[in-house]
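Going down the list, the sequences are from chains W and R.
So the first sequence is numbered by the numbering used here: it starts at 1 and just counts up by one.
So the second sequence is numbered by the numbering used here: it starts at 1001 and just counts up by one.
Cβ atoms here follow ideal geometry from the backbone N, Cα and C, with glycine treated the same way.
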Amino acid sequence: EDQVTQSPEALRLQEGESSSLNCSYTVSGLRGLFWYRQDPGKGPEFLFTLYSAGEEKEKERLKATLTKKESFLHITAPKPEDSATYLCAVQTHTGFQKLVFGTGTRLLVSP
Amino acid sequence: SQTIHQWPATLVQPVGSPLSLECTVEGTSNPNLYWYRQAAGRGLQLLFYSVGIGQISSEVPQNLSASRPQDRQFILSSKKLLLSDSGFYLCAWSPQRDTQYFGPGTRLTVL
């Protein structure tokens, strides 16, 4: 069974304090790994798609990386507006292209 | 650009009442459409997906059904709501075999 585990469940940072969120996965065959940001009461907002080990993508203060077993979302010098829940999901080659989501990491950045 | 709409934004319904949630997508044609449910403390769970008009696939046996009467319209329904149907319902769309983009969601509370 395809599984996605995100850690930590919650993370509190001071503004400017860099850190990383982890997404480990067990899948039969990875087609893609997706990162989303979700603000309270809103739908997830797409951030990145990674397709192969070694791939990296960046957007403002966020950088996503991928290995054969996990992905990291690095947040450099975060600001309070980066506070949100960050969701990781995997898509496999088998069957329909559904996304299997982790339960997310709640990030709080204090000024 | 593409836009996805969901309504209503919030809904409070008694147990045993019917349900109809609507999702529409603008700015694209023949999208794949999805219904997810997000329960507190749990990851997003795929409920239904559709690759075309009248084509619905169910991922999880439940008290809900879905229909796609038009290319860019996706409806989630129930004849009789259960307490366990409460949650945050998200509609998503994707180009064929690509990233999924989520709508703003509907918060459903069944009392």
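Under 9 Å by beta carbon: chain R residues contacting residue i
i, result
"L99 of chain W", "Y1034, Y1036, L1044, L1046, A1092, Q1100"
With 16 other Cβ atoms within 10 Å as the buried cut-off, status of residue i
i, result
"L1046 of chain R", "buried"
"P1031 of chain R", "buried"
"R12 of chain W", "exposed"
"D1085 of chain R", "buried"
"V1025 of chain R", "buried"
"A1066 of chain R", "buried"
Chain W contact residues for residue i, given Cβ-Cβ distances below 8 Å
i, result
"S1050 of chain R", "The contacting residues do not exist; S1050 of chain R stays about 11 Å from chain W at best."
"E1026 of chain R", "Ordered by position in chain W, no residue passes the 8 Å Cβ test against E1026 of chain R, which lies about 15 Å from the chain."
Cross-chain neighbours of residue i in chain R, by beta carbon under 8 Å
i, result
"T103 of chain W", "G1041, R1042, G1043"
"T49 of chain W", "T1099"
6 Å Cβ shell around residue i - same chain, five flanking residues per side excluded
i, result
"K57 of chain W", "F48, A64"
"G1016 of chain R", "K1080"
Proximal residues to residue i (C-beta, below 7 Å), its chain only, five neighbours per side dropped
i, result
"E15 of chain W", "P78, K79, P80, V109, S110, P111"
"G1105 of chain R", "Q1006, F1088, Y1089, L1090"
"G1054 of chain R", "R1068"
"G1027 of chain R", "S1001, Q1002, T1003"
"G29 of chain W", "T92, H93, T94"
"V1121 of chain R", "Residue 1121 of chain R lies beyond the range of chain R shown here (1001 to 1111); nothing can be said about it."
Within chain R, partners of residue i - CB distance below 7 Å
i, result
"Y42 of chain W", "Note that residue 42 of chain W corresponds to Lys in the displayed sequence, not to Tyr. By Cβ distance, chain R contributes P1104, G1105."
"F72 of chain W", "Here the premise fails: no neighbours, minimum Cβ distance about 19 Å."
N- and C-terminal bounds of the beta strand (DSSP E) containing residue i
i, result
"I1004 of chain R", "1003-1007"
"P1069 of chain R", "1065-1070"
"F34 of chain W", "30-38"
"H93 of chain W", "No beta strand (DSSP E) contains H93 of chain W, which DSSP labels as neither H nor E."
"H1025 of chain R", "Note that residue 1025 of chain R corresponds to Val in the displayed sequence, not to His. Taken as a continuous stretch (DSSP letters only), the beta strand (DSSP E) holding V1025 of chain R covers 1019-1026."
"I75 of chain W", "70-75"
"Q3 of chain W", "3-7"
Contacts that residue i makes with chain W (C-beta to C-beta distance below 9 Å)
i, result
"S1057 of chain R", "F96"
Cut-off 8 Å between Cβ atoms - residues of its own chain near residue i, not counting five sequence neighbours on either side
i, result
"S38 of chain W", "This sequence places Gln at residue 38 of chain W; Ser is not what is there. Hits under 8 Å: P44, E45, A84, T85, Y86, L87, G104."
(message) If we require 3 or more residues per run, which beta strand (DSSP E) segments fall completely within the region 1075-1100 of chain R?
(response) With a minimum length of 3 residues, the continuous beta strand (DSSP E) runs that stay inside the region 1075-1100 of chain R are 1087-1094.
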